[in-house]
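*Asks:* What the sequence shown shows, in our numbering, is residues 2 to 103, in sequence order. Sharing a structure, written as structure tokens. Questions coming.
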Amino acid sequence: MIPKGKVASYGQIARMLDNPRGARTVGWALRGLPDGTDVPWHRVINSQGRISTSCLQHDANLQRKLLEAEGVVFDERDRVNWKVYGWEGLDWAELDALWRAD
Numbered sequence: 002m003i004p005k006g007k008v009a010s011y012g013q014i015a016r017m018l019d020n021p022r023g024a025r026t027v028g029w030a031l032r033g034l035p036d037g038t039d040v041p042w043h044r045v046i047n048s049q050g051r052i053s054t055s056c057l058q059h060d061a062n063l064q065r066k067l068l069e070a071e072g073v074v075f076d077e078r079d080r081v082n083w084k085v086y087g088w089e090g091l092d093w094a095e096l097d098a099l100w101r102a103d
């Protein structure tokens, strides 16, 4: 799971799922999450470091508020600094362990 105060891109999540062209699929999956989900959907942003959701249920204002509450800072162009807030992701051993977990 993406830690608090960190962000990942749609493409990064897709690559971790062994689907390097699946960034949009990740977005669609997040969009379909039910209210009250434990999935940290708000920690996934676009590769330019911007919020790009168009979902009414999980709107951009809410996403920004949730990220800022975790200490994520946006610059004057509404971007997140990847060097500061970018999540490194899971390595292959960690991913393999997740896939094998019961």
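Idealized CB from N, CA, C, for every residue including glycine. This structure is a prediction, so every number in the text was calculated from the model and none was measured.
How long is the line joining the alpha carbons of Gly-37 and Ala-94, rounded to whole angstroms?
*Replies:* For the purposes of this step, residue 37 is taken as residue 36 along the sequence shown, with counting starting at 1. For the purposes of this step, residue 94 is taken as residue 93 along the sequence shown, with counting starting at 1. Near 30 Å, if we compare the C-alpha coordinates of Ala-94 and Gly-37.
*Asks:* To the nearest angstrom, how far is the alpha carbon of Ala-102 from that of Leu-96?
*Replies:* Sequence index remark: in the sequence shown, residue 102 carries index 101 (1-based). Sequence index remark: in the sequence shown, residue 96 carries index 95 (1-based). Looking at the two C-alpha atoms, the distance is approximately 10 Å.
*Asks:* Cα-Cα, which of Met-2, Trp-83, Arg-16 is closest to Arg-51?
*Replies:* Translated into the one-based positions of the sequence shown, residue 51 becomes position 50. Ranking the options by Cα distance to Arg-51, first place goes to Trp-83.
*Asks:* Please say whether Tyr-11 and Asn-47 have beta carbons closer to each other than 8 Å?
*Replies:* Locating residue 47 in the sequence shown gives position 46, counting from the first residue. Locating residue 11 in the sequence shown gives position 10, counting from the first residue. Yes; because the gap between Cβ atoms is below 8 Å, this pair is in contact.
*Asks:* In whole angstroms, what separates the C-alpha of Gln-58 from that of Glu-71?
*Replies:* Numbered from 1 along the sequence shown, position 57 holds the residue referred to as residue 58. Numbered from 1 along the sequence shown, position 70 holds the residue referred to as residue 71. So the two alpha carbons sit approximately 20 Å from each other.
*Asks:* Under three-state DSSP, which class holds Ile-14?
*Replies:* As a working note, residue 14 is residue 13 in the sequence shown. Ile-14: helix per DSSP, three-state reduction.
*Asks:* Would you kindly check if the distance between the Cβ of Arg-44 and the Cβ of Ala-9 is under 8 Å?
*Replies:* For the purposes of this step, residue 9 is taken as the residue at position 8 of the sequence shown. For the purposes of this step, residue 44 is taken as the residue at position 43 of the sequence shown. Yes, the pair counts as a contact, with Cβ atoms nearer than the cut-off.
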